[in-house]
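Asker: Numbering (mature numbering (1 follows the signal peptide of the UniProt record, and there is no 0)), first residue to last: -19 to -1, 1 to 272.
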Amino acid sequence: MMRYFSLLLLLLTSLFAEAATPPMLQLDVARFRNEDVALKGAVVEIYATVSGKSLRYMRRAPKMYQAAAALTLEVIRPDGQAVYQETVVLKPPVLSDTTAVIKNPLSFQKRLLLPEGTYTLRALVRDQYQAGKQSLVEQPLVLAAIGPKPQLSDLVLLARAPARGAEASNFSRSGYTLTRAPGGFYARGAERLWLYAELYNVAADQPLVLRYRLRAAAAKTDALAITGAVRGQAGRPAPVLGELDLSKLPSGDYTLTVEVRTAKNQLLTAQSVAVHRDAADYAPAGAGPGH
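1) Given SER134, which residues of its chain have a CB within under 6 Å of its CB, disregarding the five upstream and five downstream residues?
2) Ignore the nearest five residues each way along the sequence and tell me which others in ALA184's own chain have a CB closer than 7 Å to its CB.
3) With 16 other CB atoms within 10 Å as the buried threshold, where does PRO59 fall?
4) What are the boundary residues of the beta strand (DSSP E) that SER116 is part of?
5) May I have the straight-line CA-CA distance separating THR243 from PRO129, to the nearest angstrom?
6) Please report how far the alpha carbon of TYR167 lies from the alpha carbon of ARG161, in whole angstroms.
7) Give me, in chain order, the residues of the same chain whose beta-carbon lies closer than 6 Å to that of SER155; leave out the 5 immediate sequence neighbours on both sides.
8) I think ARG145 touches TRP175, with their Cβ atoms under 8 Å apart; what is that distance to the nearest whole Å?
9) Using DSSP bridges, identify the partner residues of ILE127.
10) Along the beta strand (DSSP E) that carries GLN7, what are the first and last residues, could you check?
11) What residue range is occupied by the uninterrupted beta strand (DSSP E) comprising ARG169?
12) What do you reckon, are the CB atoms on LEU138 and VAL24 nearer than 8 Å?
13) Taking just the CA atoms, how far does VAL10 sit from VAL118?
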């Protein structure tokens, strides 16, 4: 009997440990308007995050340990041909103690200009120091040119407030540095949600109302609802910058919807994105420049 309970305890411990382990690879994609009128398509930002907890750290010197992951990204057409393929090796900062509970993620972001159409986005990551440890993620990618009507880009969820005055890089848009929250995950200690989006085809200086609605899965009412404002920009997209207080939000899965309305409450455009809240467990810092 004791042997049975010991085996059961071992099995449950293994299952809980597996459930607590974050996914080795997280893919996030955001689509923006292509400003090059010669190509009918969209700008795609592919943001790959490799969990630091999932990698093996090798001893390089006394009190010096480091991990490494080989990441391969591909964008594939329906005929099987790759329109983009790249492999990079990501290495986190050296650690002096591998028993640290929190190990920050590794991140890689690619900005692509692609013709409109249907693709498959494929990402493969391999642990360089652990044979057979790898993760493959595939997801559909549909690109369509933005028409003449007002439209929001995809919503980008952030772990930090957008920083003004950013130099042009894969981690910046419209002069803001953006630190993504991989998978829209906000854990203990992350009490504020920031977001970035772009609003297209709005007249210069036209005042509009923003409505942010956060609703739990299967709920019929909003858990949070706030309003904001935005004005059209002459000759360029209007940045949409939002901020929500999550400090009193219970753990669970939510949908964040951003609506753009006129002063007379007419809905012009809207976008939604998934948000995951875990108020009990700490998480690594958001991946971005320098991580």
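Here a beta-carbon is modelled for each residue, glycine too, at the ideal position from N, C-alpha and C.
Answerer: Once the coordinates are examined:
1) The sequence position of residue 134 within the sequence shown is 153, counting from 1. So the qualifying residues of the chain are PHE13, ALA178, GLU179.
2) Here residue 184 corresponds to residue number 203 of the sequence shown, with the count starting at 1. The residues are GLY213.
3) As a working mapping, residue 59 is identified with position 78 in the sequence shown. By the neighbour-count rule (16 or more Cβ atoms within 10 Å), PRO59 is not buried but exposed.
4) Locating residue 116 in the sequence shown gives position 135, where the first residue counts as 1. Here the beta strand (DSSP E) through SER116 covers 115 to 124.
5) Walking along the sequence shown from the start, residue 243 turns up at place 262. Walking along the sequence shown from the start, residue 129 turns up at place 148. Looking at the two C-alpha atoms, the distance is approximately 17 Å.
6) Counted from its first residue, the sequence shown places residue 167 at position 186. Counted from its first residue, the sequence shown places residue 161 at position 180. Approximately 11 Å, taken between the alpha carbons.
7) Counted from its first residue, the sequence shown places residue 155 at position 174. Excluding residues up to 5 positions away in sequence, PRO220 lie with their Cβ nearer than 6 Å to the Cβ of SER155 in the same chain.
8) What you label residue 145 is simply residue 164 of the sequence shown in a count that begins at 1. What you label residue 175 is simply residue 194 of the sequence shown in a count that begins at 1. Distance from ARG145 to TRP175 at the Cβ level is roughly 13 Å; contact not present, criterion being Cβ atoms closer than 8 Å.
9) Stepping through the sequence shown from its first residue, residue 127 is reached at position 146. Answer is none; ILE127 lacks a bridge partner.
10) In the sequence shown, residue 7 corresponds to position 26, counting from 1. 6 to 14 is the extent of the beta strand (DSSP E) around GLN7.
11) For the purposes of this step, residue 169 is identified with residue 188 of the sequence shown, where counting begins at 1. 166 to 169 is the extent of the beta strand (DSSP E) around ARG169.
12) As a first step, residue 138 must be located in the sequence shown, where it is residue number 157. As a first step, residue 24 must be located in the sequence shown, where it is residue number 43. Contact: no.
13) The count along the sequence shown starts at 1 and reaches residue 118 at position 137. The count along the sequence shown starts at 1 and reaches residue 10 at position 29. Taking the straight line joining both Cα atoms gives about 13 Å.
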